[in-house]
Amino acid sequence: MASEVIHLSGAIVIDGRTEASDVWSVAGRLTFDKPARAADLRVDGVVLPGLVDVHCHIGLGPEGAVPPDEARRQAILDRDSGVLLVRDAGCPREPYSTRWLDDERWSPRLIRAGQHLAIAKRYIRYLARDITPDELPGAVAEEALAGDGWVKLVGDWIDRSLPEPDLALLWPDDQLAQAVGRAHELGARVTTHVFSAEGAAQALRCGLDCIEHGTGLDAAMMAKARAKGVAVVPTMIQRENFASIADDGRGRFPVWERHLRRLHRERRDQARALFEAGVKLLVGSDESTTIPHGVYCSETDLMAAAGIPAEAVIEAASYGARDYLGVPGIEEGASADVVVYAADPRADVAVLRAPQAVILRGAPVAGAITAGAL
Ligand SMILES: [Zn+2]
Numbered sequence: 050m051a052s053e054v055i056h057l058s059g060a061i062v063i064d065g066r067t068e069a070s071d072v073w074s075v076a077g078r079l080t081f082d083k084p085a086r087a088a089d090l091r092v093d094g095v096v097l098p099g100l101v102d103v104h105c106h107i108g109l110g111p112e113g114a115v116p117p118d119e120a121r122r123q124a125i126l127d128r129d130s131g132v133l134l135v136r137d138a139g140c141p142r143e144p145y146s147t148r149w150l151d152d153e154r155w156s157p158r159l160i161r162a163g164q165h166l167a168i169a170k171r172y173i174r175y176l177a178r179d180i181t182p183d184e185l186p187g188a189v190a191e192e193a194l195a196g197d198g199w200v201k202l203v204g205d206w207i208d209r210s211l212p213e214p215d216l217a218l219l220w221p222d223d224q225l226a227q228a229v230g231r232a233h234e235l236g237a238r239v240t241t242h243v244f245s246a247e248g249a250a251q252a253l254r255c256g257l258d259c260i261e262h263g264t265g266l267d268a269a270m271m272a273k274a275r276a277k278g279v280a281v282v283p284t285m286i287q288r289e290n291f292a293s294i295a296d297d298g299r300g301r302f303p304v305w306e307r308h309l310r311r312l313h314r315e316r317r318d319q320a321r322a323l324f325e326a327g328v329k330l331l332v333g334s335d336e337s338t339t340i341p342h343g344v345y346c347s348e349t350d351l352m353a354a355a356g357i358p359a360e361a362v363i364e365a366a367s368y369g370a371r372d373y374l375g376v377p378g379i380e381e382g383a384s385a386d387v388v389v390y391a392a393d394p395r396a397d398v399a400v401l402r403a404p405q406a407v408i409l410r411g412a413p414v415a416g417a418i419t420a421g422a423l
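Numbers 50 to 423, taken from the working numbering, label the letters of the sequence shown in order.
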């Protein structure tokens, strides 16, 4: 049951520059004007715009799309970790579309990227829509219309047909650039899964808006990404997995195996270098088939462990990501989607693990103070 009036007080973190000391949720909307009636609930602490996971997959399991009960379980785990906005970076196909979640008040908000686009045998089985390179521009246009303003591509993957299998590009430059142009005409942005330097270089060359994983960016590419405003989602949990992914290549794909082990060795230094180069960073957990839902705080912990300052991690997790996605944070009239902590996570991201309150559409849904406490 949504509380009619919640008084949030303490440090209201609007963005990196602006703070307030009080804000109210009235019938699910934020206001800085003190309401005439007394609050039903007061929550004191450091208040942030609801966390954002820009790389998460709700409704997918090891064999592709999962039934609604499982999608619901995943969405609640994400929400309870403070994630109130998800850019779904590759969605399930019918009959298990997650569109129904849009009507559920308990569900985090989803911005979908349509289905991942890949080539047969060039990505994880069951997850992607397989097409040929010639079909890319048309398929991107279809996914742009099916999604919520984003399209997700697989940009590089192991090519087992090579004499020495290694990470290799999926798409020729001309089809990729044309496809990105089609998406932009339709008002959609395009992001791509790339591990390799070649994949990152191609993404920057062909006008993509965002890069997932991005382990291959070197200093020159980082400078280019910054200049072009291309955001990078470092997916630190997934980077940790590169060593075990490489194990699959042992004795079979030695070049690929060495490639992944090098990216794994460099994972933390390269993430810190992205920050130091001024690249726009976003937090994405890649919760999906191998990474369980609800582990968002492991992602922020790993970003901090890589040497990215806590304040920058919080920007990438909260108001900075909302601004990037075009979704309001804490502002007059916005939906009351906020997280409250007893201490300031900008000093220590570990604070994110224990929210005082997770308030979604004006309802306390998780944390120490939940609806049951009213
Ligand atoms: Zn993913």
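Beta carbons are placed, not taken as given, at the ideal position from N, Cα and C, and that holds for glycine.
In the DSSP assignment, G378 falls outside any beta strand (DSSP E), carrying neither H nor E. In terms of Cβ geometry, A361 and T349 do not form a close pair [threshold 8 Å].
The continuous stretches of beta strand (DSSP E) do not include A354, which lies in the alpha helix (DSSP H) extending over residues 345-354.
Per DSSP, D267 has no beta bridge partner at all. Non-local C-beta neighbours of G378 in its own chain, meaning closer than 6 Å and more than five positions away in sequence, comprise P98, Y368, R371, ordered along the chain. Going by beta carbons, V389 and L323 fall outside the 8 Å limit.
Taking every protein chain shown into account, the CB of D222 has fewer than 16 other CB atoms within 10 angstroms, so this residue is exposed. The way I'd put it, the stretch 51-67 does touch the stretch 76-91; three or more beta-carbon pairs between them come closer than 8 Å. Taking C-alpha positions only, D258 is separated from T241 by approximately 9 Å. When only Cα atoms are considered, A403 and D118 end up about 26 Å apart. Neighbourhood of ligand 1, defined by CB distance below 7 Å to any of its heavy atoms: H104, H106, A138, G139, H242, E261, D335, S337, in chain order. In this structure, the alpha-carbon of A295 lies about 9 Å from that of P303. For V362, the enclosing alpha helix (DSSP H) has its first and last residue at 359-366. Approximately 6 Å separates the beta-carbon atoms of V189 and R231; this is inside 8 Å, confirming the contact.
A distance below 6 Å between beta-carbons, with the five flanking residues on each side excluded, links P186 to the following residues of its chain, in chain order: Q227, A228, R231.
Closest in alpha carbon position to V414, among D93, A385, S293, is A385. Contact annotation, A124 with S156: C-beta distance approximately 5 Å; criterion of less than 8 Å satisfied.
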